[in-house]
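Peer 1: Got a structure here, written out as structure tokens. Questions coming.
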Amino acid sequence: MIKITFPDGAIREYQSGITGLDIAQSISGRLAQEVVAISVNGDLIDATRPIITDSIVKLHTFEEKEGKHAFWHTSAHVMAEALEALFPGIKFGIGPAIENGFYYDVDMPNDTVLTDKDFQKIEEKILEISRGKHKVIRKEVPKSEALDFYTKKGDEYKVELITDLEDGTITFYSQNNFTDLCRGPHIPDTSYIKAVKILSIAGAYWRGDEKRKQLTRIYGITFPKKKLLDEYLIMLEEAKKRDHRKIGKELELFYFSEKVGLGLPLWLPRGAMLRERLENFLKKVQKEYGYEPVISPHIGQKLLYVTSGHYEKYGKDSFQPIHTPAEDEEFLLKPMNCPHHCEIYKCKPRSYKDLPVRFAEFGTVYRYEQSGELHGLTRVRGFTQDDAHIFCTPDQLKDEFKKVIDIVLYVFKTFGFEGFTTQISLRDPNNKEKYIGTDENWKKAEQAIIEAAAEKELKTKVELGEAAFYGPKLDFMVKDALGRSWQLGTIQVDYNLPERFELEYTGADNQKHRPVMIHRAPFGSMERFVAVLIEHTAGKFPLWLTPDQAIILPISEKFNNFAKKVANVLNISDIRTLIDDRNEKIGRKIRDAELKRIPYMLIVGEKEEAENAVSVRRQGQNDIGGMPVDAFIKLINEEVNQELKK
RNA sequence: GCCAAUGUAGCUCAGGGGUAGAGCACUUCCUUGGUAAGGAAGAGGUCAUGGGUUCAAAUCCCAUCAUUGGCUCCA
């Protein structure tokens, strides 16, 4: 007999060799139907594998991440079998489970091109295989046998994968007529898969290497219940409705013109006003934190970026230098604000008594992004960073870093990004050539970030090799209303630019010292932040920020004059107010205002005119009653104050 | 940059070798209506661009450009 400990601490005894499924069965028949994988002493394994020693066991259903992973991994295998049946001669790369579903990279036979017209027959074939209730069988194989299997099959991708594996660790999983190299774990049999959707196809380089062959990547998702698939598809529809490109067009916030150039957004009046409000919001916060505004031009001498190291690192992948006509001097479009700010620091001698100095600028920068990478406002070629650079003494670094964290947290709170995560990006210790700067400085910088984050009690994930080339960083990722993750704010420590620009301050000892620099952008860029905010709010911006706060809807044209009077009063009181004086019925005006996501609709007719009042309707709600104009102004002001409260 | 799909009116889209279509938006007229679409008429398009095939191309073929979904990249 062996002892099995459950997550709640309960211990039960079972025969040695019992499986996860048997354990589930001993608890309830229903559970046994739902368990798709188990963890034994922290290792995720098949629910059908025997357990032979005392163990801590956790049962996973599709509800859990681990269960989904096994479920989708098996689904990838089933899809592979379906593809092999439909397209004989197809070769397989890798086919993992991902956050939402799975994919398989395949090499289509004879250059067949797969299109979305093939999706349905693939789905049908997958369901046909699933219904067969084929057991998923695990088999450990020696490396020689594994190589032999795929060499005979003619699948060079799998052969390459196996060549890199160590003998003795190789396992195959089979279901029905299909065998795949796989670490597992997998669900017990194929019948768990009840609903499937092939989502999209895309090209993907073999092993992520653009020099190697491009395979076809097929994305799909499966569920143990049809209902779950339907819900997922509804969620996808919802995400599409929130797409910032769509809402940006509907609300006339920004526009892309082919003539202006790809990736170069044009901010329309309502978008520009919104952005201006965002900038003012941050300027106010920054002023409180002791930042000073600076302004730098959009181009700079090539030498500036040679000094900073950006030219060496990115020169080839940037917009190419601009030459002056007479002298043939070279200028670069500004890809970063920091070199300019370093020169501002150098404009006069600095004393330790002056530090820290904090230069802030909404600086527009230009970066050459590959054409295929451009995407709405989230990936553009010209964008404005809410940039600032803090120059401080090494002793001040941690405190300054913590103050920046405070600003970022305040920003996130104000905009309702509750579920953010943070990532500390450090240098890859095995690949130091990728970075500039001394080991000692890197060590100090990394240490400061780790400590500051810990002292601010941030839950961080540490990633090696993700640092910027000049220093480590702390990034903030927010999840929007649909749970998608976006990187926004960033804080980076930099010992290298002060070195390269030979920045100095005079210490209390009357000696020259080198300051440390912090780069930081709480929004990241105005473009990306607005995009994420649109998707997060579905275009229903907070009242203080939204382009139009109120719209007056006269019942008929007879009340247009009164409407103008009210609008005038409100606009004078800094409430951004429109009038809908079209020759339309009130129902129509309400509908259009709702679709424009204007927070307050003020209906005025005979009764309101007599009482100098408005009848108030909140967007997304119904009539919330009438009130005097003064009372409405108070209501708005209170709501705005509430939104901006610290 | 690479792979694939797409490109028809301001927007969303249907159509398809032989008069260019719908809904919304727009203009004018009627209507003056109390909480999510009042009615009528009108205007609006070199069917992305350039070539080719054809008696005839928006439709078929090729190239280019752009958009979308991925891949690679991301200071």
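Under our numbering, think of the first position of the first sequence as 76, with each following residue one higher. Note that beta-carbon positions come from the ideal geometry of N, C-alpha and C, so glycine has one too. Since this is a predicted model, take the numbers as computed values, not measurements.
1. Using CA atoms only, rank isn't needed, just tell me which of Phe490, Glu681 and Tyr364 is closest to glutamate 610.
2. Can you list, in chain order, the residues of its chain with a C-beta nearer than 7 Å to that of glutamine 471? Leave out the 5 residues immediately preceding and following it.
3. Please confirm if the segment 197-213 is in contact with the segment 247-255, defined as three or more CB-CB distances below 8 Å between the two stretches.
4. With a cut-off of 8 Å on the beta carbons, I'd call leucine 618 and valine 715 a contact; round off their distance for me.
5. Measuring alpha carbon to alpha carbon, tell me which residue in Leu407, Glu402, Phe598 and Lys143 is nearest glutamate 387.
6. Does the segment 565-572 come into contact with the segment 509-517, if we say contact requires no fewer than three beta-carbon pairs (one atom in each stretch) closer than 8 Å?
7. Relative to the alpha-carbon of proline 125, which residue among His135, Ile98 and Glu139 has its alpha-carbon at the smallest distance?
8. What does DSSP give as the partner residues of alanine 463 in its beta bridges?
9. Consult DSSP for threonine 468 and reduce its assignment to one of helix, strand or coil.
10. What does the alpha-carbon distance come out to for the pair lysine 78 and histidine 135?
11. Using 10 angstroms around the beta-carbon of cysteine 722, count the other beta-carbons present and answer buried if the total reaches 16, otherwise exposed.
12. Since I believe arginine 425 is in contact with tyrosine 580 (beta carbons under 8 Å), could you give me their beta-carbon distance rounded to a whole number of angstroms?
13. Quick one: Cα of aspartate 129 to Cα of phenylalanine 81, how far?
14. Can you give me the Cβ contacts of lysine 615 inside the same chain, cut-off strictly under 6 Å, excluding the 5 residues immediately before and after it?
15. Opposite aspartate 182 in the DSSP bridges: which residues?
16. Indicate whether isoleucine 276 and leucine 343 have their beta-carbon atoms separated by less than 8 Å.
17. Output the distance between the C-alpha atoms of phenylalanine 394 and threonine 453, rounded to the nearest integer angstrom.
18. Roughly how many angstroms separate the alpha carbons of leucine 719 and isoleucine 650, rounded to a whole number?
19. Compute the beta-carbon to beta-carbon distance between glutamate 436 and asparagine 412, rounded to the nearest angstrom, for a pair I have assumed lies under 8 Å.
20. When burial is assigned at 16 or more other CB atoms within 10 Å of the CB, is aspartate 698 buried or exposed?
21. What's the gap between the Cα of alanine 270 and the Cα of leucine 158?
22. For valine 704, tell me which candidate among Leu677, Lys362 and Lys473 has the shortest Cα-Cα distance.
23. Using the DSSP secondary-structure output, state which residues sit across from valine 115 in a beta bridge.
24. Any idea what DSSP makes of serine 266, helix, strand or coil?
25. CB-CB under 7 Å to lysine 723, same chain, minus the five flanking residues each way: which ones, in chain order?
26. I need the boundaries of the beta strand (DSSP E) containing alanine 688, first residue and last residue.
27. Please list the terminal residues of the continuous beta strand (DSSP E) segment that includes lysine 78.
28. Per DSSP, which one or two residues make a beta bridge with methionine 702?
29. Can you tell me the Cβ-Cβ gap for methionine 154 and isoleucine 293, rounded? I've got them flagged as a contact below 8 Å.
30. Mind reading off the beta-carbon distance from threonine 382 to proline 410? Whole number of angstroms is fine, and I expect it under 8 Å.
31. Look up glutamine 696 in the DSSP assignment and say whether it is helix, strand or coil.
32. Would you list the one or two residues that DSSP bridges to phenylalanine 551?
33. Terminal residues of the continuous alpha helix (DSSP H) containing serine 205?
34. Any contact between the segment 158-172 and the segment 261-269? By contact I mean 3 or more CB pairs, one from each, below 8 Å.
35. Leaving aside the five residues before and after isoleucine 24 along the sequence, list all residues of the same chain whose C-beta is less than 6 Å from its C-beta, in chain order.
36. Compute the Euclidean distance between the alpha carbons of lysine 143 and valine 181, then round it to the nearest angstrom.
Peer 2: Walking through what the data contain:
1. The residue given as residue 610 occupies position 535 in the first sequence. Out of Phe490, Glu681 and Tyr364, Phe490 has the C-alpha closest to the C-alpha of glutamate 610.
2. What you label residue 471 is simply residue 396 of the first sequence in a count that begins at 1. Closer than 7 Å at the Cβ level, and outside the excluded window around glutamine 471, lie Leu430 and Pro431.
3. yes
4. Within the first sequence, residue 618 is the residue found at index 543, counting from 1. Within the first sequence, residue 715 is the residue found at index 640, counting from 1. With 8 Å as the limit, leucine 618 and valine 715 qualify as a contact, their Cβ atoms being about 6 Å apart.
5. Taking the first residue of the first sequence as position 1, residue 387 is located at position 312. Glutamate 387 has its Cα closest to that of Leu407, out of Leu407, Glu402, Phe598 and Lys143.
6. yes
7. Mapped onto the first sequence, residue 125 falls at position 50. Nearest option by C-alpha distance: Ile98.
8. Here the question's residue 463 lines up with position 388 in the first sequence. DSSP, once it has assigned bridges, lists Ala435 and Arg595 as partnering alanine 463.
9. Your numbering for residue 468 matches position 393 in the first sequence. If DSSP states are grouped into helix, strand and coil, threonine 468 belongs with coil.
10. Taking the first residue of the first sequence as 1, we reach residue 78 at position 3. Taking the first residue of the first sequence as 1, we reach residue 135 at position 60. Rounded to whole angstroms, lysine 78 to histidine 135 spans 19 Å at the Cα level.
11. Outside the displayed range of the chain (76 to 721) lies residue 722, so it cannot be described from this structure.
12. As a first step, residue 580 must be located in the first sequence, where it is residue number 505. As a first step, residue 425 must be located in the first sequence, where it is residue number 350. That pair is a contact at about 4 Å.
13. Locating residue 129 in the first sequence gives position 54, counting from the first residue. Locating residue 81 in the first sequence gives position 6, counting from the first residue. Roughly 11 Å between the two C-alpha positions.
14. Sequence index remark: in the first sequence, residue 615 carries index 540 (1-based). The answer, listed in chain order, is Arg672.
15. Here residue 182 refers to the residue found at position 107 of the first sequence. Bridge partners of aspartate 182: Lys166.
16. On the first sequence, position 201 is the one that residue 276 refers to. On the first sequence, position 268 is the one that residue 343 refers to. Result no, Cβ atoms of isoleucine 276 and leucine 343 do not sit closer than 8 Å.
17. Taking the first sequence and counting its residues from 1, one reaches residue 394 at position 319. Taking the first sequence and counting its residues from 1, one reaches residue 453 at position 378. For phenylalanine 394 and threonine 453, the distance between alpha carbons rounds to 19 Å.
18. As a first step, residue 719 is located in the first sequence; it is residue number 644 there, counting from the start. As a first step, residue 650 is located in the first sequence; it is residue number 575 there, counting from the start. Approximately 16 Å between the Cα atoms of the pair.
19. Residue numbering aside, residue 436 sits at position 361 when the first sequence is read from its first letter. Residue numbering aside, residue 412 sits at position 337 when the first sequence is read from its first letter. Right, the Cβ-Cβ distance comes to about 6 Å (below 8 Å), so this counts as a contact.
20. Counting from one through the first sequence, the residue named residue 698 turns up at place 623. Aspartate 698 should be labelled exposed.
21. On the first sequence, position 195 is the one that residue 270 refers to. On the first sequence, position 83 is the one that residue 158 refers to. Roughly 17 Å separates the two Cα atoms.
22. Position 629 of the first sequence, counted from the start, is the residue given in the question as residue 704. Nearest C-alpha to valine 704: Leu677.
23. As a position in the first sequence, residue 115 is number 40, starting the count at 1. Per DSSP, Asp118 and Val132.
24. By 1-based counting over the first sequence, the position of residue 266 is 191. Three-state result, serine 266: helix.
25. Shown here, the chain extends from 76 to 721; a query on residue 723 therefore has no answer.
26. Position 613 of the first sequence, counting from 1, holds the residue named residue 688. Looking at the DSSP string, the run of the beta strand (DSSP E) that includes alanine 688 is 688-693.
27. By 1-based counting over the first sequence, the position of residue 78 is 3. Taken as a continuous stretch (DSSP letters only), the beta strand (DSSP E) holding lysine 78 covers 77-80.
28. On the first sequence, residue 702 is found 627 positions in, with the first residue counted as 1. In DSSP, methionine 702 forms a bridge with Val689.
29. The residue labelled residue 154 in the question sits at position 79 within the first sequence. The residue labelled residue 293 in the question sits at position 218 within the first sequence. That belief holds up - the Cβ atoms of methionine 154 and isoleucine 293 are roughly 7 Å apart, short of 8 Å.
30. Counted from its first residue, the first sequence places residue 382 at position 307. Counted from its first residue, the first sequence places residue 410 at position 335. Contact doesn't hold; Cβ gap of about 14 Å is too wide.
31. Start at 1 with the first residue of the first sequence, and residue 696 comes out as number 621. Reduced to three states, the DSSP call for glutamine 696 is coil.
32. Mapped onto the first sequence, residue 551 falls at position 476. In the DSSP output, where bridge partners are listed per residue, phenylalanine 551 has Thr497.
33. Along the first sequence, one-based indexing puts residue 205 at 130. Where serine 205 is concerned, the enclosing alpha helix (DSSP H) stretches over 194-206.
34. no
35. What the structure shows of the chain is the stretch from 76 to 721, and residue 24 is not part of that stretch, so it cannot be assessed.
36. The residue labelled residue 143 in the question sits at position 68 within the first sequence. The residue labelled residue 181 in the question sits at position 106 within the first sequence. The straight-line gap from Cα to Cα measures roughly 23 Å.
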